[in-house]
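A short write-up of the structure that comes next.
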Amino acid sequence: MDESVLTRALQREKARREKAEKLLEDKSRELFLSYETLQQSNDELENALAEVKSQQHQLVQSEKMASLGIMSAGVAHEINNPLAFVFSNVNSLEHAVSQFSSYHDLVNSLLAAASESDREACIQKLESFSNEADLEYLFEDCVDLIKETTEGIGRVKAIVSGLQSFARTDSGTMETLDLHECINNTLKLAHNQIKYSADVETHFGDIPKIQGFPGKLGQVFLNLLVNAGHAMGNDKGKIVISTSADESRVTVSVADTGSGMDKSTVDNIFLPFFTTKEVGKGTGLGLSISHGIIEEHQGTVEVSSVLGEGTTFTLSFPVSAVSAQEQAA
Numbered sequence: 001m002d003e004s005v006l007t008r009a010l011q012r013e014k015a016r017r018e019k020a021e022k023l024l025e026d027k028s029r030e031l032f033l034s035y036e037t038l039q040q041s042n043d044e045l046e047n048a049l050a051e052v053k054s055q056q057h058q059l060v061q062s063e064k065m066a067s068l069g070i071m072s073a074g075v076a077h078e079i080n081n082p083l084a085f086v087f088s089n090v091n092s093l094e095h096a097v098s099q100f101s102s103y104h105d106l107v108n109s110l111l112a113a114a115s116e117s118d119r120e121a122c123i124q125k126l127e128s129f130s131n132e133a134d135l136e137y138l139f140e141d142c143v144d145l146i147k148e149t150t151e152g153i154g155r156v157k158a159i160v161s162g163l164q165s166f167a168r169t170d171s172g173t174m175e176t177l178d179l180h181e182c183i184n185n186t187l188k189l190a191h192n193q194i195k196y197s198a199d200v201e202t203h204f205g206d207i208p209k210i211q212g213f214p215g216k217l218g219q220v221f222l223n224l225l226v227n228a229g230h231a232m233g234n235d236k237g238k239i240v241i242s243t244s245a246d247e248s249r250v251t252v253s254v255a256d257t258g259s260g261m262d263k264s265t266v267d268n269i270f271l272p273f274f275t276t277k278e279v280g281k282g283t284g285l286g287l288s289i290s291h292g293i294i295e296e297h298q299g300t301v302e303v304s305s306v307l308g309e310g311t312t313f314t315l316s317f318p319v320s321a322v323s324a325q326e327q328a329a
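Below is the structure:
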């Protein structure tokens, strides 16, 4: 073969290799910049979460406030600001992860399209960058961080919403609702929180509809279910939800096989800020808010508990006028 032809061929091969290496270097640089942006978002998110947790702690310590209504307004303002920041960072984080994945896929596609002689060098560089950036851990950490952040945000939102609904007596018009549907919807929401601590059984009777607010009653059932799950020991327990009715009242009972409570605890569980949980694990507002919602529905709640055996909450609501007329007919 003519030496000049061979030289030109080698030069073309060198140019292709240099072009591929530059393209790989550019994409790797973009990938690294995306990683830095993602890391910055993580840091901002952690700072925002720390601020939210600080606000939650202040909420627990705010017993000195003279009025729950006054406290509600202040806490709602103070928590909603960092909450908006956290939501914004979650959206940014999800977008960054999507971009990160897209860049990764793009690099892989470039490797697949590269010539055989370039492929090994490209693979080595990509593997080296992947190991240095610890991409596998980064992906797993992002998923966990988003999940934990979402759960934390949901808890803060529930506190704010619950406080506002507890302090506000006139919040709209009640509607005719099916308690079974309300309970089932709540079970779906609570599933991930209680699935490892308790099995749930439902024993639904033939009950009429009642007048109420589905969202608020859902919050009541959610509080009862989550508390029942937390009451379980190391062994998996059981939660039994039963419904029944007579001519004028609908009854719902939520019974668990958890640790139970002594009389002193039972006498205080509906007081605002009373909690038996560790600091940072509960605000002491869940059952207090639930009690207010039940009273708003002209309902009653009774508690029976045996220490070491379990607890039963029995809720009673009036039958709606529409259902009463249907039964009479």
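Heads up: the sequence shown runs through residues 1 to 329, numbered per this note's numbering. By construction, the Cβ of each residue, glycine as well, lies at the ideal position given by its N, Cα and C atoms.
Check: Distance CB(Asp256)-CB(Ala198) smaller than 8 angstroms; Outcome: yes
Check: Rounded C-alpha distance that separates Phe32 from Leu38; Outcome: 10 angstroms
Check: Reduced DSSP category for Glu201 - H, G, I as helix; E, B as strand; rest coil; Outcome: strand
Check: Same chain, Cβ closer than 8 angstroms to Ala66, five either side skipped, listed in chain order; Outcome: Because Ala66 sits at a pLDDT of 34, beneath the cut-off of 50, its placement in the model cannot be relied upon, and the point is left open.
Check: Beta carbon of Glu181 nearer than 8 angstroms to that of Ile146; Outcome: no
Check: Completely contained alpha helix (DSSP H) runs for the segment 267-308, where each covers 4 or more residues; Outcome: 286-296
Check: For Gly260, the residue or residues it bridges with in DSSP; Outcome: Answer is none; Gly260 lacks a bridge partner.
Check: Alpha-carbon to alpha-carbon, Ser41 and Ala121; Outcome: 32 angstroms
Check: CB contact flag (Ile293, Gln193, <8 angstroms); Outcome: no
Check: Residue range of the unbroken beta strand (DSSP E) whose run includes Pro214; Outcome: First-last for Pro214: Pro214 to His230, but that is the alpha helix (DSSP H), not the beta strand (DSSP E).
Check: Gly308 to Ser253 span [Cα, whole Å]; Outcome: 19 angstroms
Check: Length of the line joining the Cα atoms of Thr300 and Leu225; Outcome: 18 angstroms
Check: Beta-carbon separation (whole angstroms), Lys209 vs Thr251, contact threshold 8 angstroms; Outcome: No, Lys209 and Thr251 are not in contact; Cβ-Cβ is about 14 angstroms, not under 8 angstroms.
Check: For Thr186, three-class secondary structure by DSSP; Outcome: helix
Check: Per DSSP, cross-strand counterpart(s) of Phe313; Outcome: Val254 and Val303
Check: Residues sharing a beta bridge with Arg249, DSSP; Outcome: Pro318
Check: Identified DSSP bridge partners for Arg237; Outcome: According to the sequence shown, residue 237 is Gly rather than Arg. DSSP lists Ala198 as partners of Gly237.
Check: Where Gly237 falls, given that 16 or more other Cβ within 10 Å makes a residue buried; Outcome: buried
Check: 8 angstroms Cβ cutoff met for His297 and Phe270; Outcome: no
Check: Ile146 in three-state terms, based on DSSP; Outcome: helix
Check: Beta-carbon proximity check, Glu295 vs Thr314, cutoff 8 angstroms; Outcome: no
Check: First through last residue of the beta strand (DSSP E) which encompasses Thr176; Outcome: Glu175 to Leu177
Check: Span separating the alpha-carbon of Ala15 from that of Val5; Outcome: 15 angstroms
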